[in-house]
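Trainee: First, the structure itself, so that you have it in front of you.
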Amino acid sequence: MRAAFRCIVVALAALALCAPVAAATSSSTAALQVALAARGLYTGTIDGIRGPGTDGAVRAFQARGGLLVDGIAGPQTRGRLGWRGRPSLGRRVLRAGRRGWDVAALQFLLGTHGFPSGAMDGGLGPRTEAALRRFQAWAGLAVDGVAGPATLVRLRKPPPTSPLVFALPVPAPAGDRFGPRGDRFHTGVDFPVRGGTPVAAAGRGCVSFAGPSVGGYGKLVVIQHRLGVTSWYGHLSAITVARGRCVLAGDRIGRAGATGRATGPHVHLELRLRGAAVPPRF
Ligand SMILES: [Zn+2]
34 MRAAFRCIVV
44 ALAALALCAP
54 VAAATSSSTA
64 ALQVALAARG
74 LYTGTIDGIR
84 GPGTDGAVRA
94 FQARGGLLVD
104 GIAGPQTRGR
114 LGWRGRPSLG
124 RRVLRAGRRG
134 WDVAALQFLL
144 GTHGFPSGAM
154 DGGLGPRTEA
164 ALRRFQAWAG
174 LAVDGVAGPA
184 TLVRLRKPPP
194 TSPLVFALPV
204 PAPAGDRFGP
214 RGDRFHTGVD
224 FPVRGGTPVA
234 AAGRGCVSFA
244 GPSVGGYGKL
254 VVIQHRLGVT
264 SWYGHLSAIT
274 VARGRCVLAG
284 DRIGRAGATG
294 RATGPHVHLE
304 LRLRGAAVPP
314 RF
């Protein structure tokens, strides 16, 4: 009797393990994409969206491994993915040095919450740990760089959004948008313009930084707005405001360029809410 009861418990546990696969969340799809990208089968953006590219990569992987080709990343398929195929997020505490499906899912969730950790690769290295600490501080959690239940609960809540609406910094349509790009997250919106195009403040506030920056932004201006929001203007060729200067939306702050990590002239506009990168609202 007791043995039978244990069997039922084991069967229920197995069902529970399968459930997240059936109802794939975006972070588990992202983890799947990371695993398939490592095999050279998925070349799209790690966006957590189950589209034709992901589906085709799963089928190609299954066909290559002699598995049933159904496009579903079930236990067998995930098992064949090696360490990148397991375990599911929430099955263990994640700390520096861990690697797996759950770490890739964690990296995706950190990115969507405004704390990208460099390349999403399924390994919990120094950059992911640093992003985890910044997220924990932002969320008011214990800052230990370890993703336990409290951190995961917080990461499963919807990402933060900007409480403020902004004006465009240049009269040009947006190019690359906020969100996943390749195996990383793009933390702002890019406006491709000619070098030297005047750049305007996107909202009312006071300049909290103006000058050359670290981290690829090149010549950078940061404006502090209300409600803990800052706006960042990267890759400028010239800066025409100084720290401490208060501006209105539309006031000139500099000129567009390609300083820092940029392939061509554009304005990278980034919004942060108490440090978390959030999608700009115009
Ligand atoms: Zn950018």
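If you want our numbering, it's the 1-based position in the sequence shown plus 33.
All residues carry an ideal CB built from backbone N, CA and C; glycine is no exception.
Ala82: which of Thr62, Gly173, Pro206, Arg187 sits nearest, CA to CA?
Mentor: Correcting the residue identity first, residue 82 is Ile in this sequence and not Ala. Minimum Cα distance to Ile82 is reached at Thr62.
Trainee: Considering only C-alpha positions, which residue in the set Ala180, Gly151, Pro245, Leu142 is nearest to Arg124?
Mentor: Here the closest residue by C-alpha is Ala180.
Trainee: Pairs of beta-carbons, one from the segment 100-110 and one from the segment 141-149, closer than 8 Å: are there three or more?
Mentor: Too few Cβ pairs lie closer than 8 Å, so no.
Trainee: Give the DSSP-derived three-state secondary structure of Arg97 in the structure shown.
Mentor: The answer is helix: DSSP assigns Arg97 an H, G or I state.
Trainee: Please state if the CB of Arg117 and the CB of Trp134 are separated by a distance shorter than 8 Å.
Mentor: In this structure, Arg117 lies closer than 8 Å to Trp134 by Cβ.
Trainee: Is Gly221 near ligand 1, with its Cβ less than 7 Å from a heavy atom?
Mentor: Within the cutoff, so yes.
Trainee: Using 10 angstroms around the beta-carbon of Phe315, count the other beta-carbons present and answer buried if the total reaches 16, otherwise exposed.
Mentor: Its Cβ having fewer than 16 others within 10 Å, Phe315 is exposed.
Trainee: Quick check: Phe218 and Val203, are their CB atoms within less than 8 Å of each other?
Mentor: No, these two residues do not count as a Cβ contact at 8 Å.
Trainee: Consider the C-beta atom of Asp103 and the heavy atoms of ligand 1; say whether any pair is separated by less than 7 Å.
Mentor: Asp103: no, Cβ never under 7 Å from ligand 1.
Trainee: What three-state label does DSSP hand Ser270 in the structure shown?
Mentor: The answer is strand: DSSP assigns Ser270 an E or B state.
Trainee: Put Leu69 into one of helix, strand or coil per three-state DSSP.
Mentor: Looking at Leu69 - three-state DSSP - the assignment turns out to be helix.
Trainee: By how many angstroms is the C-alpha of Arg167 removed from the C-alpha of Arg305?
Mentor: Using only the alpha carbons, I get a separation of about 13 Å.
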